[in-house]
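Numbering (the numbering used here), first residue to last: 1056 to 1122.
Scroll down for the structure; my scribbles are underneath it.
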């Protein structure tokens, strides 16, 4: 088995490891009820529907801040 001549620098190891730790953009689709962007296979944050059914009760002012 081959032996190393020099110890691999920590920066080389970290940069090689960091190359595979990138963030991927979040996939979004259009909600069929309110036409807002939402994540696929998730309940819509704006209207609370999933698969054509109302699963989370949302009121008119749920998304607005009261500041």
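Glycine included, every Cβ here is placed at the ideal spot set by N, Cα and C.
Helix, strand or coil for residue i, going by three-state DSSP, please let me know.
i: residue 1093; result: strand
i: residue 1145; result: With the chain covering 1056 to 1122 only, the question about residue 1145 has no answer from this structure.
i: residue 1063; result: coil
Counting C-beta neighbours from all protein chains within 10 Å, is the total for residue i 16 or more, i.e. buried, or is it exposed?
i: residue 1093; result: buried
Excluding the five sequence neighbours on either side, which residues of its own chain have a C-beta within less than 6 Å of the C-beta of residue i, listed in chain order?
i: residue 1084; result: 1095
i: residue 1088; result: 1102 and 1104
On a CA-only basis, which of the options is nearest residue i? Give me that one, please.
i: residue 1086; options: 1107, 1114 and 1064; result: 1107
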